Structures are given as C-alpha cells and as structure tokens.
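Since the structure comes first, as structure tokens, the remarks are kept for the end.
Number of protein chains: 2
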Amino acid sequence: MATINDVARAAGVSPSTVSYVLSGRRPISAQTRERVQAAIAELGFHPHAGARALASSRTNVLALVVPLRTDVNVPVIMQFATAVVTASRTHNHDVLLLTKDEGTAGLERVAHSTMVDALIVMDVERDDVRIQALRRLKQPSVLIGLPEDPAGIVCVDLDFEAAAAEALRHLAWHGHRKVALVGPSPAVYKRGTTYAERFLTGFTIGSAELGLETMTHPCEPDREGVRACLADIDAQLPGVTALVVHNEEALRMVLEELQASGRRVPADISVVAVCPRDVALNMPLPLTSVDIPAHDVGGLAVATAMKLLDGRPTEPVRLLPPTLVERDSTAPPAVTAG
Amino acid sequence: MATINDVARAAGVSPSTVSYVLSGRRPISAQTRERVQAAIAELGFHPHAGARALASSRTNVLALVVPLRTDVNVPVIMQFATAVVTASRTHNHDVLLLTKDEGTAGLERVAHSTMVDALIVMDVERDDVRIQALRRLKQPSVLIGLPEDPAGIVCVDLDFEAAAAEALRHLAWHGHRKVALVGPSPAVYKRGTTYAERFLTGFTIGSAELGLETMTHPCEPDREGVRACLADIDAQLPGVTALVVHNEEALRMVLEELQASGRRVPADISVVAVCPRDVALNMPLPLTSVDIPAHDVGGLAVATAMKLLDGRPTEPVRLLPPTLVERDSTAPPAVTAG
DNA sequence: CCGCTTCGTCGAAGCGCTTCGACGGCCTCC
DNA sequence: GGAGGCCGTCGAAGCGCTTCGACGAAGCGG
C-alpha cells in the first residue's frame, strides 16, 4: 500500500503538501495540485483510515443503531437503514451497524474507542435508557423517533400526530363520520414506541376537532388478529365507513378480510393507510396513504448529524410534515338508509 | 479520554505492559495484571480504535455488503445481516455496512483505506464483476452465495440444489407424482442470482431421479402474477398434486389463491415452502418447509472470515445441508378417479 | 557456585497521517 | 524602492497504540 510519503516523493513535494491537496485546508498552486493528484492516481493511494483518525480525531464513520427484533416492520427499518447509508456516503461517511440489543454498552464502546464521529439511533422508546448514555458521550447523536425527554439530543421523525390528523381530515372531507383506527400490535404499544402513541394522540385530537365518532384498536398482524380486530370494530362502532390502518403487516390482510366480508373498498368502506409509498402502491388496489418517508427521515438524520459535527446550529426536534396522497381506496361513504 | 499512558501511570507500569495486559501476547504477573485492570476500570479506558489499527494493522471491523434493491426479499436479507452482526460481536468485531450499489468502488475504498479486516458480500450474481475486485484486495473475503467461478474466494451458502431435491423427495415419499415449482420472480433469474438457478437445477435433477412429472414456473409476487402462475401450472400439468414454493413474497398469496380456487391444503394439494422457519410458521397453517438458515449462514460466514484472518485452513466452498421439517401442509395426494 | 534459560517488565521505534509554525518569494502600496 | 502582506510550501511534532529487542531477576542443572 502506498503511503502519503510515497505520493510526496513521486510528486516531488513534501507529505504535508499532499495532505493539503487532499484536505484543501491550505491553498495549493494548480501545478502542484495536479502533480500530486497524478501521483495519487498512479500509485492508487488511499489514505489509511486509522492513521487519519488518529491524527485528525475524525473517523468519517457514523454509527447506526437498528432494532433487530422482528415485531417491528422489517422492510421499513431497512428503508431507513439504506437511506442513512446512502446519505452518509454523499457526506463522505461510512456507517457502522450496531444492533439495539447491545444496548448502552454498544454505544459506549464505539464512542469511547473513537470509532465513530456521531451516532444515529432508531426505534427509541418512551424513556429509553440509552438516551442518558448518549448524553454522556462526546460524540453527538441524532434520534430517529421522539422520546419522552429529548433534552440535549436532536430528534428527527415524521410528525405522526399530524399524520393522523391529516388522515382524518381527508376522510371527514369525503363526508365520513364514523372512523376506526387499526393500530400496530399491542406489543408495539407496550414497548413504549412513541410513534404509535403519537399517532394515537393525533387521532384522538383530530377526531374531537372534527367531531367524528371514532374508535381505536391495536391489531396483531396475523389472520386471526385481523379478524378479531375488524369484528371488534364492527361491534363497537356499527356502521363504520372508514378505516385508518397504521400497521403495514396487517394491511393486506385487512383488505382481504374486508373483501371476504363482502365489503368493497372504497364503495362500502374507505381505507387510509399509513405506510411507505411503495407499500401503498403494491396492494391489490392503490391505497390512499399518508407516506412514511423513510428516505427523507434517514437523509435528514444524517444531514443533522453533519450539522452537529460542523458546529452549525440545529433545531432540537424536527418533525417532517406528513403528505397524504389520495389514490383508489377512499371515496365518500355509501348513502344508507337510517 | 484516558490514554494508555494515563493507565500506565496510574498503575505504575510502562505503557507496553498495559498493552500486553490487554492483548495477552506476553506473560504478565497476576499482581501487575490486576493493578492494570483496576486502573483501566477506574479511568474508563478504551483503546483508541484508530491508533490501534495504525499500530497493529488490524481494525476489528468487517465489511458487510448488502443489496438494497427491493426485489429481493427484505426480511431475509435483514436476517442475514443481523446474524452477521451478532456473530461478529462474539468475535470482537464490528460491522461496516456497505450497499451493493456502490459496487466495486465501495469494496476498494474500504479495503484500500484499511477500514476493515475482511469483507462479507451478499447477493452475488453469476459472474459478478465484484469478484475480480475482491481477488485483488489484500483483505480476505467471504461470499454468501455461489458465483460461476469462485476460484480464490471462499463461499458459504445453503445447498439449494440439495434443498430442491429434499423437497421433492419428501413429496415423492408421500406418493406425489406431479409436482410444480413456483419459483422467484423472473427478475431474480434474469439477474443471474445463483441460488435461484441452483434450486432449479436441483429440482430438475431430483425430478428426473425420482421419475416425477414436473414443471417449473417463475412467479411475480403480486396477486395477478400468482394467479397467472397457478393457471399456467394447472394448464400445463393438469392434475398437479403438490407445489414447491421458492418465493417468500408470493407464498401467502399462493395459499390464498389455492383456497380461492376451492383446493384445500394439504387435502387437495400439498405445499412445500422454501423459506426461513418463522415465515413458514407465520402462515395461516404451519407449512412443511425447507429452512433457509440465515442465522447459520451468516454465522458461518463470519466464522470463516475469522479463520482466514488467523491463517487457518478453510474449505473454499461450504454449502450447508438443507433441513426439511414436515408440518401441516403436506400429505399424500387425494385418490382420484382416472 | 556459575552459566544458561525463562519470566516479567521496560524503553523506544515506528505505524501513516494532520497540523502548526516558519519561511522564502512575489506582489502591492505608499 | 523598501516595508508589509499574502501565497505556497516545507519540516517537525505529535495523535495513541503495538511490538521488538533488551535487560535484570529468578530458577535450574551440572
């Protein structure tokens, strides 16, 4: 492997000049720069990451903590992860993958041993123990999600409260008065995953503001769970004309069960999904949906981390406004006798 | 941050002694070791990863290249990835996440800049350009998959040929004579993803050996694709009594379409799935399946990488034998007139 | 009791890079 | 036309760790 000294010799300059060509931290004449760059290309020089980290105390690596439990929606997690990786690359950073189950220890390990410049943490819970740990690190961190007390840590996420309100507004505008929320599985609520709670809050508030008759129901994402959920909804909110589904796994089954019970979407019942765009489009019929913009959130998380590293000012909490796209699963309610 | 010098001073020894306590490369008296360890604990010392990498030319980081395209089965990819991460941790390594779309450049970047000790590459295609690149690197690599010409690179994977044979053997043993393969989507074949081809090969050979009447059909994983696929199968292989499904996305829909067409599983038609265990168990009825042991394969990939790093001998290609577990979706064929 | 090995520890030399201060040479401005 | 600046480059000092050779002390056999 060529070193910076080899390059310097080949270009007839000093190592520090090569370094300055690379970093651009001092002016270098066009001539010299070209000679150096030619030497770099010819020797196939790549700076040694460890040496660089040692000398500059910058690693150009971000830690990304992902949950590995399977009761969260895996494809969505993966969308966030890939968004973070691609965004990091555009900022000339790489990504070190940590799993949530290493907990606090994993964060401290990579931070204390200076393996990463900053941390991005997904799937934070209401009062996640990891948050105090993050506060103590010298590296900045960005959460994807919104804990109870985010003081001192920057958070980015979709504004799930607004998302719920948006879904209800759309349905109300179509004339719906009786709307049910098919939520995530009970396990998700139990864990204190705040996006579920925030959506619920938004749903409740929106419902009150719009004067709707609503109910909410968690839903286990298997055939039985979906059936039970829909049955409960029919029992507790007879004449329901619209569903908001905040549960990717259950989505397809909800549609199938509605069909099985003889109800047509959207003629007999409207459905608004809360899910990534491609999920909404890959259903038997294209669903009206509030997008979960994993790509944007991931990109924003990385951009925010970069800001922090540069010492630029940053909003402590940044919630992206939801976008609802009307597709084929919503329509005005059927006019019924009664 | 405390350095090794701080620890040395606190323990009243030289820095090199601390280093030897940490690495165990030279004998250290129990007394000294304890004093050093106490100092380490007290100061919360973590060796600086960059400095360590620079001095030892070992980073204790593995690169993992995952596909980010969505036409592969995301949850399965994620299973591999988490398996690799957890296994790496047990070997005291971390994982740097690269995406396949950075291609050859990404591999070279992390290798040349000495960010990683070894590379693990998923989703290799028949004659993947990345393979030549890997051969040129000074770091060893392990492929999850099996390219055309694996010479010089170690590969691990499930033995998909044997898996197909195993599925057929099970069905033949039950007395089935007409069996169809519902394969991955055409895109997967087109890409030259070898596991699909290997399964197909095994299916064809097994079919001949067992004297079965079979056919194979790729399947687009949406409602229409599944319908078309099943219709083709019924047309081309009338009286088919069993299906082998090698397509996680389509699996649930296949079952539903069979039911919709009035066929009961396994009374009227048997189904063997090729998928991870948990997928087989989370279907409306527990499916007889050949497991895709993502966890084992990921773990093996890491273990193999460690072997290579230690200079221990390694089999060039290691294909894990498949395991078929009989559950509720297979039974002898119905006795019909004719 | 002497010389040889083994054990436990130290000191110093790097690993490859960044960065700070220094220093010529050139331009500019009065 | 000389003082003052800026531009472009160099040299050297580290960053924090590992590792090699060296060296006393202790243990052993003859």
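So the protein lines, in turn, are chains A and B.
Heads up: the first sequence begins at 1 in the working numbering, then just goes up one per residue.
Heads up: the second sequence begins at 1001 in the working numbering, then just goes up one per residue.
The beta-carbon is built from N, C-alpha and C at its ideal position, and this holds for glycine as well.
Quick caveat, the model's predicted, so the values are computed rather than measured.
Residues in its own chain within less than 6 Å of Arg-198 of chain A by CB, not counting five upstream and five downstream?
Walking along the first sequence from the start, residue 198 of chain A turns up at place 198. Taken in chain order, the residues that qualify are Phe-160, Glu-161.
Could you list which residues in chain A have their beta carbon closer than 7 Å to that of Ser-1113 of chain B, in chain order?
For the purposes of this step, residue 1113 of chain B is identified with residue 113 of the second sequence, where counting begins at 1. Under the 7 Å cutoff, chain A gives His-46, Pro-47, His-48, Ala-49.
Please state if the CB of Leu-320 of chain A and the CB of Pro-293 of chain A are separated by a distance shorter than 8 Å.
In the first sequence, residue 293 of chain A corresponds to position 293, counting from 1. In the first sequence, residue 320 of chain A corresponds to position 320, counting from 1. It is a contact, given that the beta carbons lie within the stated cut-off.
Identify the contact partners of Arg-1223 of chain B in chain A, using a Cβ-Cβ distance below 8 Å as the criterion.
Looking up residue 1223 of chain B in the second sequence gives position 223. By Cβ distance, chain A contributes Pro-284.
Are there 16 or more other CB atoms within 10 angstroms of the CB of Gln-1259 of chain B, so buried, or fewer, so exposed?
For the purposes of this step, residue 1259 of chain B is taken as residue 259 along the second sequence, with counting starting at 1. Exposed is the call here.
Just to confirm the assignment: which complete beta strand (DSSP E) runs, minimum length 3, are found wholly within the stretch 1106-1166 of chain B?
The qualifying runs are 1118-1122, 1141-1144, 1154-1158.
Would a check of beta-carbon distances place Val-74 of chain A closer than 8 Å to chain B?
In the first sequence, counting from the first residue as 1, residue 74 of chain A sits at position 74. Val-74 of chain A counts as touching chain B.
Going along the chain, which residues of the stretch 86-99 of chain A sit with their C-beta nearer than 8 Å to a C-beta in chain B?
From the stretch 86-99 of chain A, only Thr-86, Arg-89, Asp-94, Val-95, Leu-96, Leu-97, Leu-98, Thr-99 have a Cβ closer than 8 Å to chain B.
Mind checking the stretch 1060-1071 of chain B against chain A and listing, in chain order, the residues whose C-beta falls within less than 8 Å of any C-beta there?
The stretch 1060-1071 of chain B vs chain A, Cβ under 8 Å: Val-1061, Leu-1064, Leu-1068, Thr-1070.
Which residues in chain B have a C-beta closer than 9 Å to the C-beta of Arg-109 of chain A? List them in chain order.
Along the first sequence, read from residue 1 onward, the residue named residue 109 of chain A stands at position 109. Chain B residues near Arg-109 of chain A: His-1046, Asp-1094.
Which residue wins for smallest C-alpha separation from Gly-311 of chain A, given the options A:Ala-133, A:Ser-289, A:Ser-141, A:Thr-104?
Within the first sequence, residue 311 of chain A is the residue found at index 311, counting from 1. Comparing Cα-Cα distances from Gly-311 of chain A to each of A:Ala-133, A:Ser-289, A:Ser-141, A:Thr-104, the minimum goes to A:Ser-141.
With DSSP as the reference, identify every bridge partner of Leu-425 of chain A, one or two as the case may be.
The requested residue 425 of chain A does not occur in the structure, where chain A is confined to residues 1 to 338.
Terminal residues of the continuous beta strand (DSSP E) containing Val-1244 of chain B?
As a first step, residue 1244 of chain B is located in the second sequence; it is residue number 244 there, counting from the start. 1242-1245 is the span of the beta strand (DSSP E), which, as asked, contains Val-1244 of chain B.
Using only alpha-carbon positions, find the residue among A:Ile-4, A:Val-179, A:Arg-136, A:Met-253 that is nearest to Gly-206 of chain A.
In the first sequence, the residue the question calls residue 206 of chain A occupies position 206. It is A:Val-179 whose Cα lies nearest to the Cα of Gly-206 of chain A.
Does any CB atom of chain B fall closer than 8 Å to the CB of Asp-53 of chain A?
Here residue 53 of chain A refers to the residue found at position 53 of the first sequence. For the record, residue 53 of chain A in the displayed sequence is Ala; it is not Asp. It does; some Cβ of chain B falls within 8 Å.
Taking CB distances under 8 Å as the criterion, tell me whether Ala-1337 of chain B reaches chain A.
Counted from its first residue, the second sequence places residue 1337 of chain B at position 337. The predicted model places Ala-1337 of chain B with a pLDDT of 47, which falls under 50 and marks its position as unreliable, so this point remains unresolved.
Would you say Met-406 of chain A reaches chain B, if we count a Cβ-Cβ gap shorter than 8 Å as a contact?
The structure shown does not extend to residue 406 of chain A, since chain A spans only 1 to 338, so no value can be given for it.
Please specify which runs of the alpha helix (DSSP H), each continuous and at least 4 residues long, are wholly inside the stretch 1185-1239 of chain B, giving them in chain order.
Counting whole runs of 4 or more residues, the stretch 1185-1239 of chain B contains the alpha helix (DSSP H) stretches 1186-1190, 1194-1210, 1223-1236.
Measuring only between beta-carbons, confirm whether Glu-102 of chain A sits less than 8 Å from chain B.
Reading the first sequence from its first residue, position 102 is the one you call residue 102 of chain A. By this cut-off, Glu-102 of chain A is an interface position.
So, is Ala-1111 of chain B buried or exposed, given that buried needs 16 or more other C-beta atoms within 10 angstroms?
Taking the first residue of the second sequence as position 1, residue 1111 of chain B is located at position 111. With 16 or more Cβ atoms within 10 Å of its Cβ, Ala-1111 of chain B is classed as buried.
Checking contacts by CB at 8 Å: is Thr-340 of chain A closer than that to chain B?
The displayed coordinates of chain A run from 1 to 338. Any statement about residue 340 of chain A would go beyond what the structure contains.
Compare the beta carbon distance of Ala-242 of chain A and Leu-171 of chain A with 8 Å and say whether it is the shorter of the two.
On the first sequence, position 242 is the one that residue 242 of chain A refers to. On the first sequence, position 171 is the one that residue 171 of chain A refers to. Cβ atoms of Ala-242 of chain A and Leu-171 of chain A: closer than 8 Å.
Could you check if Ala-164 of chain A is buried or exposed, using at least 16 other CB atoms within 10 Å of its CB as the buried criterion?
What you label residue 164 of chain A is simply residue 164 of the first sequence in a count that begins at 1. Result: buried.
Please identify the residue among A:Ala-30, A:Gly-202, A:Ile-40, A:Ser-29 whose C-alpha is closest to the C-alpha of Ala-11 of chain A.
Counting from one through the first sequence, the residue named residue 11 of chain A turns up at place 11. Minimum Cα distance to Ala-11 of chain A is reached at A:Ile-40.
Is it buried or exposed for Asp-1149 of chain B, if we count other Cβ within 10 angstroms and need 16 for buried?
Within the second sequence, numbered from 1, the residue matching residue 1149 of chain B stands at position 149. Asp-1149 of chain B comes out exposed.
When the distance is taken between beta carbons, is Val-154 of chain A closer than 8 Å to Leu-308 of chain A?
Taking the first sequence and counting its residues from 1, the one referred to as residue 308 of chain A is at position 308. Taking the first sequence and counting its residues from 1, the one referred to as residue 154 of chain A is at position 154. In this structure, Val-154 of chain A lies closer than 8 Å to Leu-308 of chain A by Cβ.
Closest by CA to Pro-1067 of chain B, which one among A:Leu-68, A:Met-78, A:Val-66, A:Val-65?
Counted from its first residue, the second sequence places residue 1067 of chain B at position 67. The shortest C-alpha separation from Pro-1067 of chain B is found at A:Met-78.
Apply the 10 Å Cβ neighbour rule to Pro-184 of chain A and answer buried if 16 or more other Cβ atoms are within range, or exposed otherwise.
Counted from its first residue, the first sequence places residue 184 of chain A at position 184. Buried, since its Cβ has 16 or more Cβ neighbours within 10 Å.
Count the other C-beta atoms from every protein chain shown that fall within 10 angstroms of the C-beta of Ala-1038 of chain B, then say buried if there are 16 or more, exposed otherwise.
Reading the second sequence from its first residue, position 38 is the one you call residue 1038 of chain B. Exposed, since its Cβ has fewer than 16 Cβ neighbours within 10 Å.
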